[in-house]
Amino acid sequence: MGKIMASAANPTFSDRFLTFINQHCRVGVPFFAPADPVLLAVSGGLDSVVMVHLFGLAKLPFAIAHVNFGLRGTESDGDEQFVFQLADQYGVPFHTTRFATEQQATEQGVSIQMVARTLRYDWFEQIRAEQGYAGIATAHHRNDVLETLLLNLTRGTGLAGLHGIAARQGKLIRPLLFADRIELETFAAEHNLTWREDRSNATDDYARNRIRHQVMPVLQTLNPNLLHTFNTTVERLRAAETLVQESLEQTAKGVLKTTGGQTIIDLVRLRTLSEPQFRLAEWLRS
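The numbering of the sequence shown is the working numbering, which starts it at 2 and goes up by one.
What follows is the structure, encoded as structure tokens:
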């Protein structure tokens with residue numbers, strides 16, 4: 002599989018972007034090949050606009066998808082028009098759709114955020130499959146990873162919830178996880194990029210916003226290098242999770258037996274192992 006070359010000495014932000022992609026172009030599980038078009042999920046905000054520009058600079062083939070959730074009236078329509086113009090500027094295909102998000106949330110009895118997430122990812126996958134795009138790229142970055150971990154901790158989580166957001170999950174890819182919000186803002190300023198501001202991001206109406214505005218600043222006063230050190234911690238947590246899963250798979254062979262469509266658990270052997278309750282809970286997840 003080919004790789005996109007990045008400068009080795011004094012890497013620029015664009016170089017780091019390409020390096021991050023290359024590190025995930027592994028044999029058998031490619032991030033995406035240089036010639037494969039990727040569907041970029043673009044809201045019109047800073048993060049997704051930077052992602053579009055990076056793909057453009059790298060001359061990677063892509064298309065843009067935008068969801069109008071209809072939650073902010075004319076502002077939502079303005080976002081859609083902005084993203085349409087962005088796609089036209091880069092000369093790439095543009096896909097858009099609208100949802101009655103609030104109505105669906107009321108009918109289903111769940112939060113607007115939950116409905117919006119389900120709607121957009123289902124639609125992104127539909128477009129990807131129909132048009133043959135190699136993957137779906139979202140503009141999550143390092144700040145999002147830490148915020149997600151803190152949210153998971155408040156709700157209760159296992160090892161999987163401690164490493165936040167993965168760089169790849171099936172056809173879903175996150176090529177900006179090498180950078181933090183400040184770096185994205187700096188890059189955008191250097192390249193004179195414009196974007197749309199979502200007013201809801203400035204409020205504390207949502208749990209993530211409260212963590213972003215109230216918790217993160219306190220943590221960064223304790224450790225100004227928080228995002229860098231946290232990135233190292235995430236990598237260690239992912240490695241630990243891999244080792245745990247390998248151990249669970251190995252010990253399951255001596256404790257679990259499937260016969261006649263049923264799984265039999267040998268409780269005697271299970272009790273001889275360390276952390277039997279944890280092992281049992283993990284096995285029962287599937």
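We treat Cβ as the ideally placed atom computed from N, Cα and C, and that holds for glycine. For clarity, every value in this text was computed on a predicted model and none was experimentally measured.
Measure the beta-carbon distance from Val39 to Ile65 and round it to whole angstroms, keeping in mind my assumption that it falls under 8 Å.
That belief does not hold up - the Cβ atoms of Val39 and Ile65 are roughly 10 Å apart, past 8 Å.
Give the DSSP bridge partners of Phe125, in chain order.
BP columns for Phe125 are empty, so no partner.
Which listed residue (Glu108, Leu185, Lys172) has its alpha carbon closest to that of Glu126
Lys172
Can the beta-carbon of Glu81 be found less than 8 Å from the beta-carbon of Thr97?
yes
Is it buried or exposed, Ala101, if we count other Cβ atoms within 10 angstroms and call 16 or more buried?
exposed
Given 8 Å, three or more beta-carbon pairs between the stretch 141–152 and the stretch 221–232:
yes
Take Trp196 as the anchor and find which of Val68, Thr158, Val84 has the nearest alpha-carbon.
Val84
Measure the CB-CB distance between Ile174 and Gly133 and report whether it falls below 8 Å.
no
Could you name the residues that DSSP lists as bridge partners for Lys258?
Ile265
What are the residues that DSSP puts in a beta bridge with Ala66?
Ala42, His96
Quick one: is His214 buried, meaning 16 or more other Cβ sit within 10 Å of its Cβ, or exposed?
exposed
Which stretch, first to last residue, makes up the alpha helix (DSSP H) that contains Trp196?
Unbroken run through Trp196: none, as it is neither H nor E.
Suppose only complete runs of 3+ residues qualify. What are the beta strand (DSSP E) ranges in the stretch 163–194, listed by chain order?
none
Pull up the CB-CB distance for Ala130 and Val116, whole angstroms please, since I reckon it's below 8 Å.
At roughly 22 Å, the Cβ-Cβ gap does not stay under 8 Å, so Ala130 and Val116 are not in contact.
What three-state label does DSSP hand Ala138 in the structure shown?
strand
Proximity to Arg118 [Cα-Cα], best of Gln251, Leu249, His67
His67
Nearest CA to the CA of Arg143: which residue from Gly162, Ala167, Leu120, Phe33?
Ala167
Report the residue from Phe18, Tyr207, Pro277, Ser44 whose alpha carbon sits nearest the alpha carbon of Arg121.
Ser44
Please list, in chain order, all residues of the same chain as Arg1 whose beta carbon is under 7 Å from its beta carbon, the five residues on each side excluded.
Outside the displayed range of the chain (2 to 287) lies residue 1, so it cannot be described from this structure.
Does the stretch 276–285 come within contact of the stretch 249–260, defined as at least 3 CB pairs closer than 8 Å?
yes
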